[in-house]
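For reference, the structure discussed in these notes is given below.
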Amino acid sequence: MSLSLRLLLLLALTSLAACGTKDPAADEAAAPADGEEEAAVKPRALVTVGSIQTDTLTDVLRLSAVSAYAAKDALRATTTGYVLAPTPVVGQQVRAGQTVFTIQTKESKTLHLDKLTGDPRLKFSGIIPIKSARAGILATVDKLAGDYVQDGEQLGLTYDKSRFGFILDVPVTQLRYVHTGQTCRILLPDGRVLPGRVAEVLATADVSIQTQRYTIRPTGPVPDLPENLAVQVELDKTAPHLARTLPRGAVLTDETQTEFWVMRLLNDSTAVKVPVTVGAQEKDHIEIKQPAFSPKDRILLSGNFGLDDTAAVKVTRPVAAEKE
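Take the sequence shown: its letters are residues -17 to -1, 1 to 307, numbered as in mature numbering (1 follows the signal peptide of the UniProt record, and there is no 0).
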């Protein structure tokens, strides 16, 4: 075999060997890393973190109440006759001793005595004023101008403003926290807060829902409020005490609010679920009774909703910290 033929055969064998060889390094470089594949499937949640704090808390009992005028005064006709104009309107405020209705007797109407009152010899005009015994608000107007009324018939009804208060129904399971003379706070729907006290306990209980009824009286100036206004009443169950707390958004719960937990950072990129026992709850903070977190424990404050145990997270700084 000639030398040139041998060279050609050697080159052909070398080319075939090069085509059949696979570079492992190239394959490894081309294949996605496990972390990148996992990151593509489960992106890390952006979260903010904080630590346990010590605050002064008061365990508060909050219940619903309804405004009510406990005492009502009936305005009644003192004679038989006709109601004269003008007649009052519902919601009108009246003073003690103020004339609310005016009645003309039927004899006066027949003889037109009201037009002869300028005669000094006539001492009776037949015009009878019906006055309010107490200051209050007119609740009902039962008779209008021109109506004929009998002696003793009800003309209207006024609320006694001095007896204004709120009706509070307390579940029997919470009765140990409520007693007469106890101070409380009345939260109006518009955000105003009135100081109050538990005035009376009524000797009846609702059979169906097992509640005891109390009356709550405001202790300061009272704005003009309608009857049957729904409010919230706060009563202190315990004296102020120091407690370890977390912001309300850091504490998660199930649908029945029987189980509570927080998400704690295990390391810089992993959060684990930690069951907790809660205590007093305020508007912005919740007491954590168990476990005893250390100030060094990093608890997720936001971005924690819906995370599974050992969730992949990425910690970001709060907006306030960035501004600083």
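By construction, the Cβ of each residue, glycine as well, lies at the ideal position given by its N, Cα and C atoms.
(request) Please classify T37: is it buried, with 16 or more other beta-carbons within 10 angstroms of its beta-carbon, or exposed? (result) Label assigned to T37: exposed.
(message) Quick check on the burial criterion: 16 or more other C-beta atoms within 10 angstroms. Buried or exposed for T293?
(response) Exposed is the call here.
(message) Considering only their Cβ atoms, is the gap separating L138 from R45 smaller than 8 Å?
(response) No, the pair does not count as a contact, with Cβ atoms beyond the cut-off.
(request) Count the other C-beta atoms from every protein chain shown that fall within 10 angstroms of the C-beta of A182, then say buried if there are 16 or more, exposed otherwise. (result) A182 is buried by the Cβ-count criterion.
(request) Give, in chain order, every unbroken run of the beta strand (DSSP E) that is at least 3 residues long and sits entirely within the segment 27 to 76. (result) For the beta strand (DSSP E) assignment, the uninterrupted runs of no fewer than 3 residues enclosed by the segment 27 to 76 are, from N- to C-terminal side, 28 to 33, 36 to 40, 43 to 52, 55 to 59 and 64 to 66.
(request) On the DSSP bridge assignment, give the partners of S285 in chain order. (result) By DSSP's assignment, S285 forms a beta bridge with T31.
(message) Could you compute how far the alpha carbon of T82 sits from the alpha carbon of Q165?
(response) Straight-line Cα distance between these residues: approximately 39 Å.
(request) Identify whether A294 lies in helix, strand or coil by the three-state DSSP scheme. (result) A294 falls in the strand class under three-state DSSP.
(message) Is it the case that the segment 77 to 91 contacts the segment 186 to 197, given that we only count it when at least three CB pairs across the two stretches are under 8 Å?
(response) Here the segment 186 to 197 makes no contact with the segment 77 to 91; the two share fewer than three CB pairs at distances below 8 Å.
(message) As an exercise, report each continuous alpha helix (DSSP H) stretch of at least 4 residues that is fully enclosed by the segment 207 to 279, in chain order.
(response) Inside the segment 207 to 279, DSSP marks no whole alpha helix (DSSP H) run of 4 or more residues.
(request) Give the DSSP-derived three-state secondary structure of V132 in the structure shown. (result) Three-state DSSP puts V132 in a strand.
(message) I need the boundaries of the beta strand (DSSP E) containing K114, first residue and last residue.
(response) Where K114 is concerned, the enclosing beta strand (DSSP E) stretches over I110 to K114.
(request) In angstroms with no decimal places, state the Cα-to-Cα distance between D152 and T198. (result) One C-alpha to the other measures close to 9 Å.
(request) Compare the Cα-Cα distances from I111 to each of T236, G203, V257 and T61 and report the closest residue. (result) Nearest option by C-alpha distance: T61.
(request) Could you name the residues of the same chain whose beta carbon sits closer than 7 Å to that of L225, not counting the 5 residues immediately before and after it, in chain order? (result) Contacts found: T37 and T39.
(request) Give the straight-line distance between the Cα atoms of T141 and A128, rounded to the nearest whole angstrom. (result) Using only the alpha carbons, I get a separation of about 18 Å.
(message) Comparing C-alpha positions only, which one of P26, R117, L121 and A79 sits nearest to V72?
(response) Taking each of P26, R117, L121 and A79 in turn and checking the Cα distance to V72, the smallest one comes out for L121.
(request) Could you say which of R146, V43 and K266 lies nearest to L229 if we only look at CA atoms? (result) The shortest Cα separation from L229 among R146, V43 and K266 belongs to K266.
(request) Assuming G80 and K114 form a contact by the criterion Cβ under 8 Å, report the distance between their Cβ atoms to the nearest whole angstrom. (result) Contact holds; Cβ gap of about 6 Å.
(request) Answer with yes or no whether the minimum CB distance from V257 to chain D is below 8 Å. (result) The structure shown contains no chain D, having only a single protein chain.
(request) Please look up how many angstroms separate the CB atoms of G148 and A51, rounded, as I've assumed it's under 8 Å. (result) Correct: roughly 6 Å between the Cβ atoms.
(message) Let me check understanding here. Comparing Cα to Cα, which of K144, R231 and T123 lies closest to W244?
(response) Looking at the Cα atoms, R231 is the closest of the given residues.
(message) Is it buried or exposed, K297, if we count other Cβ atoms within 10 angstroms and call 16 or more buried?
(response) Exposed: under 16 other Cβ atoms inside 10 Å.
(request) For the beta strand (DSSP E) holding L171, just list the boundary residues, first then last. (result) Counting along the chain, L171 falls outside any beta strand (DSSP E), and DSSP gives it neither H nor E.
(request) State yes or no: is the C-beta of A118 within less than 8 Å of the C-beta of K144? (result) Closer than 8 Å, so yes.
(message) Tell me the DSSP secondary structure of L138 in three-state form.
(response) Shown here, L138 sits in a strand according to DSSP, grouped into three states.
(message) Does V155 come out as helix, strand or coil in the three-state DSSP assignment?
(response) For V155, the secondary structure class from DSSP, reduced to helix, strand or coil, is helix.
(request) Say whether the segment 24 to 34 touches the segment 203 to 211, bearing in mind that this needs 3 or more beta-carbon pairs closer than 8 Å, one atom from each stretch. (result) By the Cβ rule, the segment 24 to 34 does not count as touching the segment 203 to 211, because fewer than three pairs are nearer than 8 Å.
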